[in-house]
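A quick write-up on the structure given underneath.
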Amino acid sequence: DVPDCQELVDKEVASIATEAVREKVTQLVSADGPEGDADAGAAVPHFWLTALGNHTATHDMIKEVDQDALEALTDITTDMVPLDNDGNASFSCVFHFGDNAFFTNKTIAVKVCTHFEDGDFNVESIQADPIQWNEGKNLTKKIVKKKQRKKGGGETRTLSKEEDADSFFRCFQTLSLEGVTGEEAEARIEELENLADVFHVVYEKIVPHAVLFFTGEADDGEEENEEEEEDESSSEDEAPRGRGGRGGRGGA
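Residue numbers 3 to 254, in the numbering used here, belong to the letters of the sequence shown in order.
Here it is as structure tokens:
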């Protein structure tokens with residue numbers, strides 16, 4: 003078969019464009035000094051929104067209502083406290099925001115605290131800064147209106163009730179195992195592990211390779227990670243991963 007010349011041209015043009023975008027974004031992200039990094043996220047439209055949206059772990063978490071708020075995300079910084087003699091370790095992600103209509107926070111920090119026991123890291127708690135929502139702008143809540151007929155017949159009335167709403171910003175919550183037991187503890191452990199997984203992806207995958215996730219060139223590596231789970235070992239250079247302990251799910 004004779005190849006479609008226009009298709010080949012389109013692919014070449016797309017490749018050149020992607021290379022140009024990558025070089026430009028790399029220059030911005032590589033700006034000297036701590037302010038340079040923050041300015042890069044602001045200088046490239048939708049940089050962090052796009053990078054987060056291009057990883058499977060965070061893509062489905064971002065809802066349409068989140069996009070305007072995440073467009074104000076200018077930087078994500080990370081840190082880690084290595085394993086100490088008591089078996090404790092933690093890592094953190096700090097989300098930096100510019101002015102926006104939704105909340106007044108300039109930063110939202112999340113810290114994942116783990117404890118190493120029986121050959122695995124267990125998530126003990128997740129600590130997140132509370133979001134200072136502007137009035138009527140809480141993306142994690144929605145108002146549901148229901149009609150109710152009065153007892154004995156007659157006119158109906160409309161009742162308004164606040165309910166939880168799906169939103170990326172629901173991941174910014176503080177959770178721990180303190181005070182929970184039994185089935186509630188099992189559910190909380192799973193909740194902690196799932197949330198820790200998200201921030202571990204941000205810490206280990208998205209932030210170090212942000213430019214490639216922005217351009218769409220980065221590989222999630224999900225399939226490779228599944229194959230490598232059995233051979234995975236901990237090191238001081240990696241963030242602790244709270245997986246598999248207390249009868250929870252194993253592997254990353």
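From the three backbone atoms N, C-alpha and C, an ideal C-beta is built for every residue, glycine too.
Just to confirm the assignment, what range does the beta strand (DSSP E) spanning L85 have?
Against the sequence shown, residue 85 aligns to sequence position 83. Premise fails: L85 is in no beta strand (DSSP E) and is neither H nor E.
If you follow the beta strand (DSSP E) that R159 is in, where does it begin and where does it stop?
Stepping through the sequence shown from its first residue, residue 159 is reached at position 157. Its beta strand (DSSP E) spans residues 158 to 166.
Where do the N-terminal and C-terminal ends of the beta strand (DSSP E) with H117 fall, by residue?
If you number the sequence shown from 1, residue 117 lands on position 115. Run containing H117: 109 to 119, per the beta strand (DSSP E) assignment.
Reducing DSSP to helix, strand and coil, say where R251 ends up.
As a first step, residue 251 is located in the sequence shown; it is residue number 249 there, counting from the start. Its pLDDT being 32, under 50, R251 is placed unreliably by the model, and the measurement read from it follows with that caveat. Three-state result, R251: coil.
Whose CA, out of A220, L85, S178, K144, lies closest to the CA of A198?
To locate residue 198, count along the sequence shown from 1; it is residue 196. It is S178.
List the whole-angstrom C-beta distance separating N56 from G218, where the pair is believed to meet the contact cut-off of C-beta under 8 angstroms.
Stepping through the sequence shown from its first residue, residue 56 is reached at position 54. Stepping through the sequence shown from its first residue, residue 218 is reached at position 216. The Cβ separation is near 5 angstroms, so the contact holds.
Along the chain, where does the beta strand (DSSP E) that runs through A212 open and close?
What you label residue 212 is simply residue 210 of the sequence shown in a count that begins at 1. In the DSSP assignment, A212 falls outside any beta strand (DSSP E) and within the unbroken alpha helix (DSSP H) covering 212 to 217.
For the alpha helix (DSSP H) that contains F123, what are its first and last residues?
The residue given as residue 123 occupies position 121 in the sequence shown. Looking at the DSSP string, F123 is not in any alpha helix (DSSP H); the run it does join, the beta strand (DSSP E), is 122 to 130.
Tell me whether H202 is buried or exposed, calling it buried when 16 or more other Cβ atoms sit within 10 Å of its Cβ.
Residue mapping note: residue 202 aligns to position 200 of the sequence shown, counting from 1. Under this definition H202 is a buried residue.
For A1, tell me which candidate among I64, S127, N107, I110 has the shortest Cα-Cα distance.
No answer is possible for residue 1: it lies beyond the span of the chain, which begins at 3 and ends at 254.
State the DSSP-derived secondary structure class of T176, mapped to helix, strand or coil.
The residue you call residue 176 lines up with position 174 of the sequence shown. Coil, per DSSP.
Would you kindly report the start and end of the unbroken alpha helix (DSSP H) that includes I191?
Walking along the sequence shown from the start, residue 191 turns up at place 189. I191 -> alpha helix (DSSP H) spans 184 to 203.
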